[in-house]
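Data first, discussion second: the structure below is written as structure tokens.
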Amino acid sequence: MNKAKLHTDLIEQTLFALSKPTFDAKVKLYHLIGLWLDLHPDADVYERFKARTALSLVKESLGEGAEEIQNHLKSAA
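Going letter by letter, the sequence shown gives residues 574 to 650 in the numbering used here.
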């Protein structure tokens, strides 16, 4: 996935998660924000702060589902 496609997907998933806040939409958004952070280690401090804040907010909204996702990712790695 190139950075332009990632940026487009991130915007689309953000809008979708806001309009229809389903668990799946939030999970996709959570993964895309994490991927963005991984692919942009040299991004502006403010941009990374916004991304980490968004990631925390999505994680909070997932509740216990976030723990399940993290456990699943750890077992897959």
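Positions of the beta carbon are idealized from the N, C-alpha and C atoms, including for glycine.
Check                                                                                                        : Outcome
Integer-rounded CB distance, given that A616 should sit under 8 Å from L602                                  : Actually they do not touch by this definition, with Cβ atoms about 18 Å apart.
Start-end ranges of the alpha helix (DSSP H) lying completely within the stretch 580-618, minimum 4 residues : 596-612
CB contact flag (N606, A577, <9 Å)                                                                           : Before going further, note that residue 606 is Ile rather than Asn in the sequence given. Not closer than 9 Å, so no.
7 Å Cβ shell around D582 - same chain, five flanking residues per side excluded                              : L605
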